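Enquirer:
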Ligand SMILES: Cc1cc2nc3c(=O)[nH]c(=O)nc-3n(C[C@H](O)[C@H](O)[C@H](O)COP(=O)(O)OP(=O)(O)OC[C@H]3O[C@@H](n4cnc5c(N)ncnc54)[C@H](O)[C@@H]3O)c2cc1C
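Numbering (my numbering), first residue to last: 6 to 404.
Dropping the structure here:
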């Protein structure tokens, strides 16, 4: 039985590893559009942007290990261009590849920013090549404006401040990250940015990119001000990479084009999908990894009993680690600890999220050990009162 995995990044990698670990002895082919072996994306907006980083990607495995340990046929620089579900054939431009089971892990791509296509000096941050562009601009102390105060925009801002460079972040919403962490934690994040010297423009849209001779020169804001820029980083979110599936019969969600699957990640006959390519994507590392493994196990007829379904992400800003477990989609947010002040601003922040009588989420800033204590309670939708009492006792503050 031939298993083909398309998309050679985190979800695709975990898919091929899980298939072998589960005892699949048939052929496995991993197809990826990038020329690079699968590499880890989170460091690209963190350590990779540091002045003293070695400029190399963090690859998960080398070529020899794919060949000798996993016996996986890795085909890089090859993009899937179409899919024939009935014929069980993946189209790769002029070529094609037959499969018995297919896992789609083509991830997501930066949402196109209006006017950016025609201009030099506008970057997103998704790939190693993007990270190189931003790092070069930081090395050359260029004027950088970031559009979007989400996780990636915020990490780029932190990287600039770490080098003591001025940086402006423009965000249309009134607070950063409200959808993923809620307003209370968003406020703590805004205070942290400002304390670290970021020029944070909240509630401010972008009217247009200014340019001269095809090169960006600035960002015109909704309040009429123009921010001069040598590089604009458009960190305004991603869309699933599914254009190649148009007309294939795989159901794509009408709003974002993400793949629609059933609970077992099955997208169509013989086809499973995982990671950021899904309509229900969480856009975090842990989900992409565990879904990749789960999709492959379903694809080879195994039961993925170890599927971890508590959402989790982290983000590193300055020397602080933000961690979120579960969901911020809640009836109430209880700030257990508002975080320290002064040089330690925001450090120690802890909030819990309630839906009905249950705890459904937790967010912390620089409390890696404390937050993990809530994992089980969130997985089991534990009692809210008990979770709050436990949190108050643990962090030593009355709420
Ligand atoms: C800069 C950055 C920082 C991040 N930091 C964090 C963090 O701190 N914490 C956290 O939890 N998460 C973080 N994430 C999110 C996490 O890295 C992603 O959720 C994860 O990479 C998704 O994995 P994926 O395999 O589903 O998709 P992707 O990583 O997007 O990979 C998809 C792969 O498929 C390839 N592909 C696309 N189309 C085709 C095609 N037609 N044919 C063949 N190949 C194709 C792409 O080239 C790509 O290599 C970060 C992401 C980025 C970009």
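Think of the CB as a built atom: it goes at the ideal place given N, C-alpha and C, for glycine as much as any other residue.
No experiment lies behind these values; they were computed from the predicted model shown.
Nearer than 7 Å: is that true of the beta carbon of residue 393 relative to any heavy atom of ligand 1?
Expert: no
Enquirer: Quick check on this structure: which residue in 96, 29, 257 and 246 has the alpha carbon closest to the alpha carbon of residue 76?
Expert: 29
Enquirer: What are the uninterrupted segments assigned as alpha helix (DSSP H) that are 4 or more residues long and contained completely in the segment 325 to 395, given in chain order?
Expert: 373 to 377 and 380 to 384
Enquirer: Could you spell out the range, first to last residue, of the alpha helix (DSSP H) harbouring residue 188?
Expert: 183 to 200
Enquirer: Of the residues 384, 371 and 218, which one's Cα is nearest the Cα of residue 342?
Expert: 371
Enquirer: Using 7 Å as the cut-off, classify the Cβ of residue 12 as near or not near the heavy atoms of ligand 1, replying yes or no.
Expert: Taking 7 Å as the cut-off, the C-beta of residue 12 counts as close to a heavy atom of ligand 1.
Enquirer: Under three-state DSSP, which class holds residue 128?
Expert: strand
Enquirer: Output the boundary residues of the alpha helix (DSSP H) element that contains residue 144.
Expert: 133 to 144
Enquirer: Tell me which residue opens and which closes the beta strand (DSSP E) that residue 96 is part of.
Expert: 94 to 97
Enquirer: Out of curiosity, what's the CA-to-CA distance linking residue 23 and residue 39?
Expert: Answer to the nearest angstrom: the Cα atoms are 22 Å apart.
Enquirer: Write down the C-beta distance between residue 309 and residue 299 rounded to the nearest angstrom, noting that I regard them as a contact closer than 8 Å.
Expert: 4 Å
Enquirer: Would you check whether ligand 1 has a heavy atom nearer than 7 Å to the C-beta of residue 264?
Expert: no
Enquirer: Could you please give the first and the last residue of the uninterrupted alpha helix (DSSP H) stretch that includes residue 21?
Expert: Segment 15 to 26, the alpha helix (DSSP H) holding residue 21.
Enquirer: Can you list, in chain order, the residues of its chain with a C-beta nearer than 6 Å to that of residue 96? Leave out the 5 residues immediately preceding and following it.
Expert: 86 and 87
Enquirer: Are residue 320 and residue 160 close, meaning C-beta to C-beta below 8 Å?
Expert: yes
Enquirer: Taking 8 Å as the cut-off, decide whether the C-beta atoms of residue 122 and residue 338 are in contact.
Expert: no
Enquirer: Could you check whether the Cβ of residue 111 sits closer than 7 Å to any heavy atom belonging to ligand 1?
Expert: Taken from the Cβ of residue 111, at least one heavy atom of ligand 1 lies inside 7 Å.
Enquirer: Is it the case that the CB of residue 318 approaches a heavy atom of ligand 1 more closely than 7 Å?
Expert: Correct: residue 318 has its Cβ closer than 7 Å to ligand 1.
Enquirer: Can we count residue 193 as close to ligand 1, meaning its CB is less than 7 Å from some heavy atom?
Expert: no
Enquirer: Measuring straight from C-alpha to C-alpha, what distance separates residue 11 and residue 17?
Expert: 7 Å
Enquirer: In whole angstroms, give me the CA-to-CA distance for residue 33 and residue 180.
Expert: 45 Å
Enquirer: Do residue 108 and residue 20 count as a contact pair if the criterion is CB distance below 8 Å?
Expert: yes
Enquirer: In three-state DSSP terms, what is residue 404?
Expert: In this predicted model, residue 404 has a pLDDT of only 43, less than 50, meaning its place in the structure is not dependable; the value taken from the coordinates is given anyway. DSSP places residue 404 in coil when its eight states are reduced to three.
Enquirer: Is DSSP giving residue 245 helix, strand or coil here?
Expert: strand
Enquirer: Where residue 70 and residue 171 are concerned, what is the direct C-alpha to C-alpha distance, given to the nearest angstrom?
Expert: 43 Å
Enquirer: Kindly indicate which residue of 13, 347, 193 and 91 has the alpha-carbon position closest to the one of residue 79.
Expert: 13
Enquirer: At the level of alpha carbons, what is the spacing between residue 63 and residue 136?
Expert: 12 Å
Enquirer: Do residue 400 and residue 382 have their CB atoms nearer than 8 Å?
Expert: no
Enquirer: Report yes or no: do the segment 198 to 216 and the segment 91 to 106 share at least 3 C-beta pairs separated by less than 8 Å?
Expert: no
Enquirer: Can we count residue 293 as close to ligand 1, meaning its CB is less than 7 Å from some heavy atom?
Expert: Residue 293 has its CB nearer than 7 Å to a heavy atom of ligand 1.
Enquirer: Based on Cα-Cα distance, which residue from 143, 6 and 255 lies nearest to residue 54?
Expert: Comparing C-alpha distances from residue 54 to each of 143, 6 and 255 shows the shortest one belongs to 143.
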